[in-house]
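Encoded as structure tokens, the structure appears first; notes follow it.
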Amino acid sequence: MTKSISLNLISGRTIQQGVAIESGKEKDSYRTACGIIEMDSSDLKALGAWKNTNVKVTSEYGSVVVKAV
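No gaps in the numbering here: position 23 of the sequence shown is 901 in the numbering used here, and each next residue is one more.
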């Protein structure tokens, strides 16, 4: 059974994401920089997930699978 938790999702852009988008969204550097969610270790534990594993993030606008870091 998959666990789920509720979080406040705060979007933003890191410097690495800004640099990567300049090379194009189809590039690996963009997917590596942007395909992540930064989570507190206590939230990861509550979710039953570990760093560098994939998690599904769902909001009222849709879902995406990203790497938890």
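Ideal Cβ positions, reconstructed from N, Cα and C, are used throughout, including at glycine.
{"Asked": "Beta-ladder partner(s) of Gly-902, from DSSP", "Found": "For Gly-902, which the question treats as bridged, DSSP gives no partner whatsoever."}
{"Asked": "Burial state of Val-943 (16 or more Cβ within 10 Å)", "Found": "exposed"}
{"Asked": "Cut-off 7 Å between Cβ atoms - residues of its own chain near Ser-907, not counting five sequence neighbours on either side", "Found": "Ala-898 and Ser-901"}
{"Asked": "Residue range of the beta strand (DSSP E) that includes Thr-923", "Found": "The residue you asked about is not Thr; residue 923 is Lys in the sequence shown. No beta strand (DSSP E) holds Lys-923; the alpha helix (DSSP H) holding it covers 919 to 925."}
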